[in-house]
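In my numbering, the protein residues as written are 1478 to 1556. This report refers to the structure that appears directly beneath it.
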Amino acid sequence: MNNEYSEFQEVTEQSEQLDFNRTKPCPHCQNPIPADAVSCYYCGRSLSPGKKWVVWAFAAIAGIFLVRFIIGLTGLLRR
Ligand SMILES: [Zn+2]
């Protein structure tokens, strides 16, 4: 079990480029895609759901700044 994990690590570290000889099934549509692909070529869905929260966090922070900017503008106009 531990051995398998270390082998998997070696494989992922060595594959800098897209290697179509080493594929994995897409979790969404089950089509074969490169093992290090970030999105599926067939259904176009992202394969890194763990990074989705980063996008949402960035959107939330941007939204907060935008709201603060608008509040600041309206505050300046009222003065
Ligand atoms: Zn897919």
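Virtual Cβ for every residue (Gly too), placed ideally from N, Cα, C. As the structure is a prediction and not an experimental result, all values here were calculated from the model.
query: Could you tell me which of A1534, G1540, K1501 and V1532 sits nearest to Y1518, measuring between CA atoms?; result: K1501
query: Quick check on P1504: does DSSP put it in helix, strand or coil?; result: coil
query: Looking only at DSSP bridge pairs, what is I1510 linked to?; result: K1501
query: Under 7 Å: does the beta carbon of R1555 sit that close to some heavy atom of ligand 1?; result: no
query: Expressed to the nearest angstrom, what Euclidean distance is found between the alpha-carbon atoms of C1503 and A1514?; result: 10 Å
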